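Per the working numbering, the very first residue in the sequence shown carries number 12; after that it's consecutive.
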Amino acid sequence: MAANRHWPALGALLGAAAVGAAGGVYHWLLQRPLPQTDGALPVFGLTSDVQVRRDRWGVPHISANGRADMFFAQGFVHAQDRLWQMEMQRRLASGRLAEILGRVALPVDRWVRILGLQRAAGADAEAALAASGDDLKAYLAGINAFLARGVFPIEFTLLRFEPEPWTVADLFGWPKMMGWQLSVNWQVELARARLIARLGPERMAELDDVADAPTILPEGFDFSGLDDVARRLLDASRPLLGPA
């Protein structure tokens, strides 16, 4: 039986096509979303040219002719470099992880909403707008200008969603979450409050060997009710949190 002379050429053609397709997918998913670090990039929303120079560590340095353009560029570059991190932090602080990660994230979302971090962030946003509204709006416009380009990191493609435009309240959600994370000793503080309620502040100071340490609570503060308050809050949160 004679060999078909066309098979080697067809195989080489198919192999080249497969390599080309794989290269296209690699560029589309991984290379295209990377920040542009050289050349010119037209961006709608600026009033004049802005220069972004990156040092040898990749840290951006922004030069602008005005304050609004400076904050706009900062928001744009921030989103360009860290959009997925920003999105996860925003969703964690607002209790919206389950929308993209599924039921496994529901306990975290419920707990964050019980804490009320997003409500607190909204209150901070109103106060900040009154004090520094122009700067915040310019920074926010820079973030949303990057989102309007429609080029997102691969995580958005894999999870099949696009980020919503950012609001001023979104900017204050993560600082609230950081404040919560830095208060991880709340159980120890409650235990100390219980001991003070039973032993008295003088005896507790002797046990802690902090009799001369400064205090942040007013003289004569009553610790006796903290235990009951903590227990009521915990009991109220259990139906929402589900099983431990």
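Beta carbons: idealized from backbone N, C-alpha and C, even for Gly. Just so it is clear, the structure is predicted and the values come from calculations on it, not from any experiment.
State the start and end residues of the unbroken alpha helix (DSSP H) segment that holds residue i.
| i | result |
| --- | --- |
| residue 61 | Careful: residue 61 lies outside any alpha helix (DSSP H) and carries neither H nor E. |
| residue 78 | 78–105 |
| residue 212 | 212–219 |
| residue 143 | 128–158 |
| residue 164 | Run containing residue 164: none; DSSP gives neither H nor E here. |
| residue 191 | 179–192 |
| residue 112 | 109–112 |
Can you name the residues that DSSP bridges to residue i?
| i | result |
| --- | --- |
| residue 73 | 63 |
Can you give me the C-alpha to C-alpha distance between residue i and residue j, rounded to a whole angstrom?
| i | j | result |
| --- | --- | --- |
| residue 254 | residue 115 | Confidence in residue 254 is poor, its pLDDT being 45 and thus under 50, which makes the residue's placement unreliable; the coordinate value appears in the next sentence. If I take the Cα positions, the gap works out to 13 Å. |
| residue 133 | residue 217 | 43 Å |
| residue 219 | residue 111 | 46 Å |
| residue 203 | residue 127 | 25 Å |
| residue 61 | residue 76 | 7 Å |
| residue 57 | residue 191 | 36 Å |
| residue 186 | residue 50 | 34 Å |
| residue 102 | residue 90 | 15 Å |
| residue 129 | residue 64 | 35 Å |
| residue 146 | residue 201 | 40 Å |
| residue 166 | residue 95 | 7 Å |
| residue 125 | residue 181 | 18 Å |
| residue 117 | residue 59 | 45 Å |
| residue 174 | residue 97 | 10 Å |
| residue 212 | residue 205 | 11 Å |
| residue 99 | residue 209 | 43 Å |
| residue 197 | residue 123 | 16 Å |
| residue 85 | residue 141 | 21 Å |
Would you grab the beta carbon distance between residue i and residue j for me? Rounded to a whole angstrom, and I think it's under 8 Å.
| i | j | result |
| --- | --- | --- |
| residue 83 | residue 149 | 5 Å |
| residue 87 | residue 163 | 14 Å between Cβ atoms; not a contact. |
| residue 188 | residue 104 | 4 Å |
Taking residue i as the reference, give the member of the options with the closest Cα.
| i | options | result |
| --- | --- | --- |
| residue 113 | 171, 86, 70 and 81 | 171 |
| residue 54 | 208, 209 and 159 | 159 |
| residue 71 | 79, 176 and 47 | 47 |
| residue 139 | 184, 120, 106 and 98 | 184 |
| residue 154 | 177, 144 and 66 | 177 |
| residue 78 | 211, 119, 93 and 143 | 143 |
| residue 179 | 196, 152, 199 and 198 | 152 |
| residue 92 | 81, 69, 107 and 108 | 69 |
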